[in-house]
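Read in order, the letters of the sequence shown are residues 0 to 289 in numbering that gives the first Met the number 0.
Ideal Cβ positions, reconstructed from N, Cα and C, are used throughout, including at glycine.
Below is one structure, written out as structure tokens, with a few remarks after it.
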Amino acid sequence: MKNNGIKTSLQFDKEKRKRKKTYATFITAFLCFSLVLAAVSFLILLKKYNFRLSNIVDRKTTATTEETSTEGETYLQNYTGNANILVLCENSDNKLGFFGVLNFNMDAKQISVTSFENDVNLKYDGKSGTFSDIYSTGGALGLSQAVEKCCGIKIDRFIDVTETNFKRVISYLGDAEIYSDEKINFKGGDYVLILEEGEQSATGETVLSYFKYLDAKGRSVLTAELLDYYMNSGKLKANQETFDSVINLFNTNISVKDYNDVSDTFNAFLNDSSRRKTVVSETPEVTDNG
């Protein structure tokens with residue numbers, strides 16, 4: 000895997016926002032993680048939780064910036080920006096389950112996924128411990144700061160979801176289509192995973208178990224597959240009903256703005272025929288910043 004170098008810096012400039020009539024990036028994660036969460040989560044949230052940050056997604060409109068679909072709907076042709084969203088899932092013991100970073104590169108019209116192992120040892124700003132330790136003491140914000148300090152990835156926002164709500168997101172969107180390169184019949188301490196070899200339909204319970212079963216690289220691959228599946232299948236829609244149904248399932252530092260601004264960019268990305276397949280980025284090395 001190649002590191003897409005998701006080291007970005009966003010500048011929240013209100014004056015620029017007013018001048019350029021800026022819009023936001025999107026959600027809803029996978030979830031969802033490393034994850035569709037991640038992804039699905041972020042895409043879903045951003046319609047209701049609008050950044051209006053000029054350098055996350057900048058809507059540029061001219062006489063030639065719209066294209067018309069076969070149904071007569073129009074979508075923005077030019078949208079730009081870059082943002083890193085940390086998406087994590089908290090387990091039933093209120094501890095860090097798994098997490099990753101979704102990079103939304105609107106200039107490249109592509110999402111990339113980077114996942115991490117929880118037990119990596121860190122040292123920064125006089126603090127030490129694993130990612131799990133950092134989350135236990137500092138929550139999602141503390142974890143975001145650890146990733147920034149030790150991995151060199153600027154985290155713009157985070158989305159924190161429990162296992163229960165992760166399954167609810169998948170349930171609302173509909174069963175996912177996933178792929179396994181082997182037959183799996185595994186019983187873990189708190190989950191059971193049964194998969195056939197090849198493509199198959201999976202409920203939220205199965206998707207969650209699969210995330211627990213996989214290592215960081217596998218979770219990145221699964222997240223990318225889930226994101227592309229929900230975006231390409233049309234199950235992820237920019238409508239009020241969808242967002243109202245899932246908006247309260249997350250803990251996030253994304254502030255509430257006018258979701259109408261976001262829906263233009265959201266729809267543009269989903270309906271863009273040149274939108275590229277989600278890719279997996281290499282997990283960066285952890286540096287000692289103690």
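- The beta carbons of S111 and V278 sit closer together than 8 Å.
- Taking the Cα positions, E181 is about 16 Å away from V191.
- For the set Q144, F97, F157, the Cα lying nearest the Cα of N288 is the one of Q144.
- Per the Cβ contact rule, the segment 134-141 is not in contact with the segment 270-277 (fewer than 3 Cβ pairs under 8 Å).
- Among the bridge pairs identified by DSSP, D159 is matched with L87, N250.
- DSSP assignment within the segment 114-165 yields the following whole alpha helix (DSSP H) runs of 4 residues or more, N-terminal first: 130-150.
- Judged by DSSP secondary structure, E176 falls within the beta strand (DSSP E) whose first and last residues are 175-179.
- Exclusion of the five residues before and after S200 leaves D174, E176 as the residues of its chain whose Cβ lies within less than 7 Å of its Cβ.
- Residue state for T79 is assigned as strand, using DSSP reduced to three classes.
- One alpha carbon belongs to K216, the other to K122, and they sit about 23 Å apart.
- Looking at the backbone, the Cα of V119 and that of D106 are separated by about 32 Å.
- If you check the CB distance, I183 and V206 do not come in under 8 Å.
- Put simply, the segment 86-95 touches the segment 146-159. At least three CB pairs are less than 8 Å apart.
- Taking the CA atoms as reference points, D132 sits about 42 Å from N77.
- N247 and L95 have their C-alpha atoms some 20 Å from each other.
- DSSP places V206 in the helix class (H, G or I) of the three-state scheme.
- DSSP lists Y123 as the beta-bridge partner residues of N288.
- Beta bridge pairing from DSSP links F98 with L87, F115.
- Here D92 is exposed, its C-beta having fewer than 16 other C-beta atoms within 10 Å.
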